[in-house]
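Student:
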Amino acid sequence: MSGHRPLAVVIGMPGAGKTRVGREAAQMLNVDFADADIEIEQEVGMKIPRYFKKYGEPAFREVEADVIADLLESFDGLLALGGGAPMTESTRDALADYIAAGGKLVYLEADRHEAMERAARGGNRPMLNGDANKRWMKLYEERDPVFREISNLHVHTHGSTPRVAARKLSNMIQERIVHVTGSGIEPYDVCIGEGTLNRLPEVLGQDVLRVALIHTQPVQRHSDQARALLRQTGYEVYDMLIPDAEKGKTIDVAKTIWKRLGEIGFTRSDAIVGLGGGAATDLAGFIAATWMRGIRYVNCPTSLLAMVDASTGGKTGINTDEGKNLVGSFYTPAGVLADLRTLKTLPRDIFTEGLGEVTKSGFIRDTEILTSCRSMPRSSGTSTVTIFSVRRSRTWSPSSSSARSASRPTTFPMT
Ligand SMILES: NC(=O)c1ccc[n+]([C@@H]2O[C@H](COP(=O)([O-])OP(=O)(O)OC[C@H]3O[C@@H](n4cnc5c(N)ncnc54)[C@H](O)[C@@H]3O)[C@@H](O)[C@H]2O)c1
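Mapping of the sequence shown onto the numbering used here: position 195 corresponds to residue 183, and the numbering continues sequentially without gaps.
1. Is the Cβ-Cβ distance between L271 and T304 less than 9 Å?
2. Distance, Cα to Cα, S148 vs E12?
3. Expressed to the nearest angstrom, what Euclidean distance is found between the alpha-carbon atoms of V373 and P321?
4. Mind checking Q213: buried by the 16 CB within 10 Å criterion, or exposed?
5. Does the region 95 to 109 come close enough to the region -4 to 6 that 3 or more CB-CB pairs lie under 8 Å?
6. Taking the beta carbon of G10 as the centre, do at least 16 other beta carbons fall within 10 Å, making it buried, or is it exposed?
7. Among all the DSSP beta bridges, which residues are the ones paired with T304?
8. Nearest to T278 by CA position, among P289, K348, I306 and T7, is which residue?
9. Out of D132, A24 and R151, point me to the one whose CA is closest to H142's CA.
10. Could you round the C-beta distance between L263 and V207 to whole angstroms and report it? I think they count as a contact, below 8 Å.
11. DSSP puts M104 in a beta bridge; with which residues?
12. Per DSSP, what kind of secondary structure is Y226 in: helix, strand or coil?
13. Return yes when at least one heavy atom of ligand 1 lies under 8 Å from the C-beta of G342, else no.
14. Just tell me which of F63, T340, L66 and E50 has its CA closest to the CA of R80.
15. What do you reckon, are the CB atoms on C288 and A326 nearer than 9 Å?
16. At 3 residues or longer, and completely inside the region -4 to 78: list those beta strand (DSSP E) runs for me, N to C.
17. Does ligand 1 have a heavy atom nearer than 8 Å to the CB of H142?
18. Please check the pair I87 and N140, which I expect to be a contact at CB under 8 Å, by giving their CB distance rounded to whole angstroms.
19. Please report the distance separating the alpha-carbon of F318 from that of A276.
20. Do M16 and A154 count as a contact pair if the criterion is CB distance below 9 Å?
21. Could you give the first and the last residue of the continuous beta strand (DSSP E) run that contains V199?
22. A68: buried (16+ other C-beta within 10 angstroms of its C-beta) or exposed?
23. Pull up the distance between the alpha-carbon of S257 and that of A108, whole angstroms please.
24. Do the region 68 to 77 and the region 161 to 169 meet, that is, are 3 or more Cβ pairs less than 8 Å apart?
25. For the alpha helix (DSSP H) holding I404, just list the boundary residues, first then last.
26. First and last residue of the alpha helix (DSSP H) that includes N287?
27. Using the C-alpha atoms, what's the distance from P150 back to W246?
28. Measuring straight from C-alpha to C-alpha, what distance separates A(-4) and D23?
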């Protein structure tokens, strides 16, 4: 049976919903689901609480590590591990090997109180004997830093129904990640898939306090989602609505944002999020590059052109009256989240314009892209977009090419 490896491995605290959510996500992905605890019970021929009582925790952890090591080499579906499993060193080593071979280790993080109550309600958990809530909290303090460190994916299920949480998990498992490296740049990831916007808090990181969310009106629906998520995760969010398209890429707009950042007292521990088409991400990157000589920023492109080109190469800039992109700098984002769901609201003609860039990269660099274009259904599915995005970001860094001309700035509201 060797040569297989799980599609994904889910870890998390007791009560986080690893089994319930994992099983439902496996169904959505049409793959098998395995719960390591159930496999262990089958292996030892008794329920875990009984085994714990009879042989003690060290003996249980030994069996657990062996069963998980086997599953990591033989099971190819979605695997959920018991809450304490990653605390065993040999299991952590096996999980590190799994990740190194391209595996996805997902930390499923639920609201602490919800998970604690669920775990206590469920009963029959030997690690929670006694004052279950107190024990849970102590375990959380020990385990949470380890889970964060070893996992390479993170799913927050705060306030989600099991079905919504399962959808988030399955989306994240299906995601494509392109790791971008280059001389003189900080490496970053381009995450492509349905729901990658949910990764915003993770990419911004815990050191960031305040976020300026720069976006345009046509993508309001997506910026609403980003703002809600950021606020829910505890960031202070400042909404900065800029004029649409080229009207947003001007020095006047930049000046208004610099003024606002100054009034707020934006510092180097704050960050910019640029959400929208290429014009919005160019402007957001420019603000990030220039504010206090450069602060953290994350791009959330919502047009095809921005996904495959504008948001990924680190080129930021604004137009002047004399021409497009005349002022700017190279400044790499901390991450790029290309959420394919946002393309559903993108007008068709703008999507088609983006395809022009895609085919251009096919002619310049990789004819397989042209083959993909030819086989693309007329209704242009997002899976094809994924192929383009993945192939392009490592190999190609074209200059900007939109034919739309710069227009003079207008005044604009910022909320
Ligand atoms: N930095 C770079 O490397 C680079 C490369 C290529 C292009 N660019 C720049 O990118 C810009 C062109 O990007 P573009 O084609 O995305 O144009 P754009 O940013 O002007 O967006 C086009 C229109 O689509 C709207 N839109 C975007 N996403 C949407 C969504 N999901 N739903 C509904 N409406 C949506 C925008 O609000 C806008 O009205 C130009 O300014 C160009 O200079 C930069």
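Built from N, CA and C at the ideal position, the CB exists for glycine as well.
Tutor: Let me lay it out:
1. yes
2. 14 Å
3. With a pLDDT of only 45 at V373, under 50, the local geometry of the prediction cannot be trusted, and the value read off the model is given with reservation. Using only the alpha carbons, I get a separation of about 21 Å.
4. buried
5. yes
6. buried
7. S317
8. I306
9. D132
10. 6 Å
11. Note: M104 sits in no beta bridge, so no partner.
12. strand
13. yes
14. E50
15. yes
16. -4 to -1, 21 to 23 and 66 to 68
17. no
18. 5 Å
19. 11 Å
20. yes
21. R198 to T204
22. buried
23. 38 Å
24. no
25. Within the shown structure, residues of the chain are numbered from -11 to 403, placing residue 404 beyond reach of any answer.
26. No alpha helix (DSSP H) contains N287, which is instead part of the beta strand (DSSP E) from R284 to P289.
27. 42 Å
28. 12 Å
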